[in-house]
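Residue numbers (the working numbering), protein chains in the order written: chain A, 27 to 361; chain B, 252 to 511; chain C, 693 to 982. Since the structure comes first, as structure tokens, the remarks are kept for the end.
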Amino acid sequence: MKKKKTIILLIFLAMLAVLPKLITSNYIMQIIDLSLVNFIVVMGLNFVTGFAGQISLASTAFWGIGAYTSAILTTTCGFSFWAALPVSGIVAMLGGILIGYPTLKLKKFYLGIATIGFGEIVSLIFLNWTTLTKGSEGIPGLSKPSIGAFKFTSNYNFYYVILIIALILLIASVLIKYSRFGRTLLAIRNDEIATETCGINAHSSKMIAFSLSALYAGIAGSLYAHLIGFISPDLFVFRQSISFLCMFMIGGSGYIAGPAIGSFLITLLPEVIKFLQNYYMAIFGILVVILAIAMPTGIVGLMEKHLPRLYRYIEPYAEVPEKGLERGNEKWRGK
Amino acid sequence: MERKVILSIDGVTKVFGGLTAVNDLSLQIHKAEIVALIGPNGSGKSTTLNIISGLYSPEKGRIVFEDTDIQGLPPYRIVDSGLRRTFQNIRLFKDLSIIKNVMIGAHPCGKANVLNSVFKTKRIREEEEKIETIAYDCLKFVGLDVDPKVKAGSLAYGQCRLLEIARALASSPRLLMLDETAAGLNPSEKQNMINIINRIRDKGISILFVEHDMSMVMKVADRIAVLNFGSKIAEGTKKEIQNDPLVLTAYLGDHYVKTE
Amino acid sequence: MLELIQLSVSALSMGFVYALTGSSIFLIFNAAGVINFAQGALLMLGAYIGTTTLNKLGLPYFLAILLMIIIMVIIGFLFQRLAYYPLRNSEGLMFMIAGIGILVFMENFVQLLWGAAPISVRPLLSVHSINIGDLNFEPQSVMIIVITVAILLIENFFLKKTSIGKMTQAVAQDKEAASLMGISVPVMIAVTFINSTVLAGIAGVLVSPKFYVSIGLTSLLLKGMASCVIGGFGSAVGPIIGGIIVGFTETFGARYISPQFRDAWAFLLMIAFLMIRPKGIFKERISEKV
Numbered sequence: 027m028k029k030k031k032t033i034i035l036l037i038f039l040a041m042l043a044v045l046p047k048l049i050t051s052n053y054i055m056q057i058i059d060l061s062l063v064n065f066i067v068v069m070g071l072n073f074v075t076g077f078a079g080q081i082s083l084a085s086t087a088f089w090g091i092g093a094y095t096s097a098i099l100t101t102t103c104g105f106s107f108w109a110a111l112p113v114s115g116i117v118a119m120l121g122g123i124l125i126g127y128p129t130l131k132l133k134k135f136y137l138g139i140a141t142i143g144f145g146e147i148v149s150l151i152f153l154n155w156t157t158l159t160k161g162s163e164g165i166p167g168l169s170k171p172s173i174g175a176f177k178f179t180s181n182y183n184f185y186y187v188i189l190i191i192a193l194i195l196l197i198a199s200v201l202i203k204y205s206r207f208g209r210t211l212l213a214i215r216n217d218e219i220a221t222e223t224c225g226i227n228a229h230s231s232k233m234i235a236f237s238l239s240a241l242y243a244g245i246a247g248s249l250y251a252h253l254i255g256f257i258s259p260d261l262f263v264f265r266q267s268i269s270f271l272c273m274f275m276i277g278g279s280g281y282i283a284g285p286a287i288g289s290f291l292i293t294l295l296p297e298v299i300k301f302l303q304n305y306y307m308a309i310f311g312i313l314v315v316i317l318a319i320a321m322p323t324g325i326v327g328l329m330e331k332h333l334p335r336l337y338r339y340i341e342p343y344a345e346v347p348e349k350g351l352e353r354g355n356e357k358w359r360g361k
Numbered sequence: 252m253e254r255k256v257i258l259s260i261d262g263v264t265k266v267f268g269g270l271t272a273v274n275d276l277s278l279q280i281h282k283a284e285i286v287a288l289i290g291p292n293g294s295g296k297s298t299t300l301n302i303i304s305g306l307y308s309p310e311k312g313r314i315v316f317e318d319t320d321i322q323g324l325p326p327y328r329i330v331d332s333g334l335r336r337t338f339q340n341i342r343l344f345k346d347l348s349i350i351k352n353v354m355i356g357a358h359p360c361g362k363a364n365v366l367n368s369v370f371k372t373k374r375i376r377e378e379e380e381k382i383e384t385i386a387y388d389c390l391k392f393v394g395l396d397v398d399p400k401v402k403a404g405s406l407a408y409g410q411c412r413l414l415e416i417a418r419a420l421a422s423s424p425r426l427l428m429l430d431e432t433a434a435g436l437n438p439s440e441k442q443n444m445i446n447i448i449n450r451i452r453d454k455g456i457s458i459l460f461v462e463h464d465m466s467m468v469m470k471v472a473d474r475i476a477v478l479n480f481g482s483k484i485a486e487g488t489k490k491e492i493q494n495d496p497l498v499l500t501a502y503l504g505d506h507y508v509k510t511e
Numbered sequence: 693m694l695e696l697i698q699l700s701v702s703a704l705s706m707g708f709v710y711a712l713t714g715s716s717i718f719l720i721f722n723a724a725g726v727i728n729f730a731q732g733a734l735l736m737l738g739a740y741i742g743t744t745t746l747n748k749l750g751l752p753y754f755l756a757i758l759l760m761i762i763i764m765v766i767i768g769f770l771f772q773r774l775a776y777y778p779l780r781n782s783e784g785l786m787f788m789i790a791g792i793g794i795l796v797f798m799e800n801f802v803q804l805l806w807g808a809a810p811i812s813v814r815p816l817l818s819v820h821s822i823n824i825g826d827l828n829f830e831p832q833s834v835m836i837i838v839i840t841v842a843i844l845l846i847e848n849f850f851l852k853k854t855s856i857g858k859m860t861q862a863v864a865q866d867k868e869a870a871s872l873m874g875i876s877v878p879v880m881i882a883v884t885f886i887n888s889t890v891l892a893g894i895a896g897v898l899v900s901p902k903f904y905v906s907i908g909l910t911s912l913l914l915k916g917m918a919s920c921v922i923g924g925f926g927s928a929v930g931p932i933i934g935g936i937i938v939g940f941t942e943t944f945g946a947r948y949i950s951p952q953f954r955d956a957w958a959f960l961l962m963i964a965f966l967m968i969r970p971k972g973i974f975k976e977r978i979s980e981k982v
């Protein structure tokens with residue numbers, strides 16, 4: 027089983043590596059790049075809302091903070107992209123610590139409201155602090171990075187930059203989920219009080235999860251800014267949080283495979299239903315409602331329930347009981 | 252034989268709105284002792300457990316566990332001191348597997364933080380294995396004979412009770428508080444619970460348990476404390492409590508008490 | 693001095709609208725223990741329906757309002773049945789997410805049905821401004837104050853003096869006890885939702901002449917929530933006081949400090965409260981049972 031999984035994984039990685047060669051349209055390539063950027067944001071959201079069960083609508087704000095930080099550092103402060111990227115992530119993360127600390131002490135919905143409010147404030151700052159952000163004009167001319175002599179000029183080769191960063195962050199999130207810390211988040215989602223009586227400081231765990239979501243979103247913001255080359259305040263508005271939420275929900279909250287499925291589906295969806303252009307947000311909205319009521323575990327959740335064998339291939343370290351409620355496995359017997 | 256006092260509750264009072272739920276309560280628990288806390292509904296038993304475990308903060312009084320003041324501390328700090336509890340209405344991590352539930356109970360046995368999740372050293376890997384081993388041992392101790400990967404939400408009621416105890420034992424506490432752990436169990440399950448409680452005490456762990464089933468209390472408790480309307484009205488051995496008129500009045504009403 | 697009074701009236705009127713919004717959120721939180729993010733959608737819907745009944749149908753003012761209320765009652769019932777009922781036992785997370793989804797859907801949906809152009813309700817009074825001495829007041833501001841106070845008084849009467857109202861309060865305080873007393877908990881929760889929806893609709897209609905019905909209503913929802921946070925969930929008076937505080941902070945902040953950050957004041961205030969006094973001015977007195 028394990029060998030089979032490794033081979034499939036390698037094949038998949040190989041396919042990812044040659045993907046740009048197969049895409050002929052520059053536009054589609056950009057969409058794929060955008061999906062990867064969204065993928066990073068949704069992975070971040072998975073820490074705080076998926077693992078820890080705390081509703082956060084601040085992803086757009088942190089994404090925007092990352093984007094603007096990177097844009098400002100590279101245009102006015104002469105940073106290189108490679109330096110701006112981690113700094114953007116860290117600045118966003120600091121924002122997360124700042125807003126998370128007071129609000130995570132309270133009941134869940136306070137975080138929801140506070141994150142919406144935070145998003146509004148950040149949005150207004152982008153629009154009105156014109157000396158820093160150039161206001162509604164936006165910041166143009168963001169260049170793609172280079173390594174030595176080689177410059178990543180196109181959507182095709184910048185793809186590799188985004189892909190590698192996304193994969194690193196993906197591996198990190200798998201490692202975190204299946205670690206002592208990851209367990210505490212999952213426990214908090216199930217029952218915070220019981221978690222506290224197991225010796226866990228729920229507040230600090232939630233803070234870390236929230237900060238991680240900010241970090242990921244900030245990094246994604248920087249990547250976005252340099253992918254598109256131009257940012258403006260009207261990108262970082264509340265409705266963007268709904269897109270992220272939609273991606274998160276449809277993939278499956280709390281699963282490793284969820285964000286990938288969700289982000290690709292929802293980023294590509296508008297392209298497929300282009301004729302329904304005006305109705306995008308309505309569709310996303312109603313999709314979120316239907317998912318929340320009828321399919322809260324998302325696509326991967328459905329797989330876990332109905333297609334467990336496929337689920338085991340997609341979800342790393344998936345725990346599927348072998349024999350149900352009868353006597354356990356060898357490990358149990360051996361101990 | 253002078254046994255060491257491990258938990259000392261001194262003059263603890265808790266008020267909710269206008270209601271005094273616990274009134275000037277004092278109680279001591281010794282090492283490897285089983286103490287039962289009984290009383291009619293609403294007498295403040297669960298509230299007392301909640302205060303000791305840090306979920307409520309008392310208005311007055313002192314709680315000392317093994318020479319450390321614990322009143323007013325947040326729950327996770329009290330656990331660090333060696334005090335664990337189960338819940339009356341079962342609080343398991345339903346979406347997680349049984350083994351993970353117990354591994355979370357073993358959280359204080361490790362030190363790995365979020366950075367350790369990503370940058371794993373040999374020490375951290377060993378720690379994880381240790382935690383898993385502890386978890387398996389605890390499941391074995393309570394006799395929960397189920398595939399450890401099954402989700403806790405699928406367990407039967409009696410199994411849930413066992414899992415809660417396994418989780419609480421995982422951090423090797425010195426005092427275990429059980430909140431109506433036999434509620435809803437059938438007679439053979441209750442007997443099993445009695446055996447488990449005795450085995451826990453044999454390991455040197457003290458137990459403070461809240462219980463309604465008098466026969467169970469009589470079979471297991473070394474000492475019994477009786478609460479009524481938040482105050483302790485009696486304390487002593489089984490014999491002493493059985494014949495205490497105050498206790499009888501509390502449970503059965505005034506007309507029961509014989510007048511000489 | 694003159695300006696101060698005029699500004700205060702303006703602040704008070706906005707404050708009352710927030711108070712009304714906040715009260716509708718408070719009702720559901722009290723009764724069902726969840727925060728209804730879709731409240732904004734209901735506001736919006738109420739406002740648009742109100743504008744239709746008032747503007748398009750040519751009915752006399754009060755009949756139009758009555759019709760709107762009836763429609764809102766039906767919507768409130770449907771919303772409770774379809775969105776709250778299936779989720780009532782699960783973690784509040786999903787209900788909140790569903791609420792957000794409804795909010796966004798509604799933003800677009802109303803645009804589809806009524807067009808993207810902002811529309812405005814025909815005002816009750818056709819005077820241009822109300823003059824008392826040297827003071828000029830916008831008739832809408834005055835009307836908002838008057839109507840909101842009237843509604844809050846009616847609400848208060850309903851909740852405290854009618855038996856249905858008292859039953860909803862009983863359910864809000866302790867579902868189990870209420871059901872043991874023979875009160876039908878689901879029915880009372882439905883009533884609360886309907887109550888909340890009607891309040892939201894009225895708030896939406898009231899604010900529409902001032903702000904033109906458009907996406908700004910999401911912002912209104914958030915300020916309603918801010919009012920609840922600031923005022924606290926401990927008393928029905930909480931969201932009202934909170935709303936007034938938000939109204940004043942916003943109006944005076946915009947006038948004397950920074951007009952562009954007008955919307956931000958409510959949130960800054962809310963976040964400040966979350967840091968310093970999270971339970972708000974009127975704290976919840978009953979702690980959560982463990």
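Glycine residues also receive a C-beta, built at the ideal position from the N, C-alpha and C atoms. What you are looking at is a predicted structure, and each value in this text was computed from that prediction instead of being measured.
**Study point:** At least three beta-carbon pairs within less than 8 Å, the region 328-340 of chain B to the region 155-162 of chain A
**Key:** no
Practice item. Would you list, in chain order, the members of the region 61-87 of chain A that have their beta-carbon closer than 9 Å to a beta-carbon of chain C? Key: Thr75, Gly79, Gln80, Ile81 and Leu83
Check your understanding: Any idea which residues DSSP pairs Lys381/B with across the strands?
Key -> In DSSP, Lys381/B forms no bridge with anything.
Check your understanding: Leaving out five residues before and five after Pro752/C in sequence, what residues of the same chain have Cβ atoms less than 6 Å from its Cβ?
Key -> none
**Study point:** Residues near Val263/B by beta carbon distance below 8 Å, same chain, minus five either side
**Key:** Val273, Asp275, Leu276, Ser277, Thr299, Ile302, Pro309, Lys311, Gly312, Arg313, Ile314 and Gln322
Review point. DSSP on Arg425/B, reduced to helix/strand/coil?
Key: coil
Check your understanding: According to DSSP, which residues form a beta bridge with Ile173/A?
Key -> Phe176/A
Point to revise | Residues, ordered as in the chain, of the region 107-128 of chain A that lie near chain C by beta-carbon distance below 9 Å | key: Ile125, Tyr127 and Pro128
Review point. Shortest alpha-carbon distance to Lys391/B belongs to which of Phe370/B, Ile349/B, Arg452/B and Met465/B?
Key: Ile349/B
Point to revise | Proximity test, Cβ basis, 7 Å: Met873/C and chain A | key: no
**Study point:** Within 7 Å, strictly: CB atoms of Ala733/C and Thr745/C
**Key:** no
Review point. Taking Cβ positions only, does Ser906/C come closer than 7 Å to chain A?
Key: Annotation note: pLDDT 47 at Ser906/C (below 50); position unreliable, no value reported.
Review point. Would you say Ile215/B faces chain A, with C-beta separation under 7 Å as the test?
Key: The structure shown does not extend to residue 215/B, since chain B spans only 252 to 511, so no value can be given for it.
Exercise for review: Give the straight-line distance between the Cα atoms of Ala419/B and Ser439/B, rounded to the nearest whole angstrom.
Suggested key: 22 Å
Review point. What residues from the region 252-265 of chain A come within 8 Å of chain C, judged by C-beta to C-beta, listed N to C?
Key: Phe264 and Arg265
Practice item. Check Met354/B in the structure and name its three-state DSSP category. Key: helix
Review point. Mind checking Arg374/B: buried by the 16 CB within 10 Å criterion, or exposed?
Key: exposed
Practice item. Provide the residue span of the beta strand (DSSP E) that contains Ser950/C, from first to last. Key: Neither: Ser950/C is in no beta strand (DSSP E) and is coded neither H nor E.
Review point. Between Ile842/C and Asn364/B, what straight-line distance do the alpha-carbon atoms span, to the nearest angstrom?
Key: Note on identity: in this sequence residue 842/C is Ala, with Ile being the wrong assignment. One C-alpha to the other measures close to 57 Å.
**Study point:** Short Cβ contact (7 Å threshold) for Phe135/A with Ala84/A
**Key:** no
Check your understanding: Looking at the C-beta of Asp346/B, does it have a partner C-beta in chain A at a distance below 7 Å?
Key -> yes
Point to revise | For Phe797/C and Leu249/A, the rounded distance between their alpha carbons | key: 29 Å
Review point. Is Ser927/C helix, strand or coil by DSSP?
Key: coil
Review point. What's the C-alpha gap between Pro166/A and Ile257/A?
Key: 7 Å
Check your understanding: So is Ala363/B in contact with chain A if we call contact Cβ pairs under 7 Å?
Key -> yes
Check your understanding: If you run the structure through DSSP and keep just helix, strand and coil, what is Ser332/B?
Key -> helix
**Study point:** Within-7 Å CB hit, Phe731/C to chain A
**Key:** The sequence as given places Gln at residue 731/C; Phe does not occur at that position. No - not a single Cβ of chain A is within 7 Å of the one on Gln731/C.
Exercise for review: Give the interface partners of Lys300/A over in chain C, defined as CB-CB distance under 8 Å, in chain order.
Suggested key: What Lys300/A touches in chain C: nothing, since even the nearest Cβ is about 16 Å away.
Practice item. Leaving out five residues on either side along the sequence, give the residues of the same chain with a beta carbon under 8 Å from the beta carbon of Tyr320/B. Key: Sequence inspection shows Asp at residue 320/B; the Tyr mentioned does not correspond to that position. Same-chain partners within the cutoff: Arg313 and Ile314.
Check your understanding: By the criterion of Cβ-Cβ separation under 8 Å, what are the contact partners of Leu201/A in chain D?
Key -> Structure shown: chain D not included; protein chains present are A, B and C.
**Study point:** 7 Å Cβ cutoff, Ala344/A in contact with chain C
**Key:** no
Review point. Along the chain, where does the alpha helix (DSSP H) that runs through Arg313/B open and close?
Key: Not the alpha helix (DSSP H): Arg313/B falls in the beta strand (DSSP E), residues Lys311 to Phe316.
Review point. So, helix, strand or coil for Glu847/C, using DSSP?
Key: helix
Point to revise | Helix, strand or coil at Ile257/B according to DSSP, with G and I counted as helix | key: strand
**Study point:** Inter-stretch contact at 8 Å, needing at least 3 Cβ pairs: the region 138-154 of chain A / the region 948-956 of chain C
**Key:** yes
Check your understanding: For Asp331/B, which residues in chain A fall below 7 Å Cβ to Cβ?
Key -> Gly225
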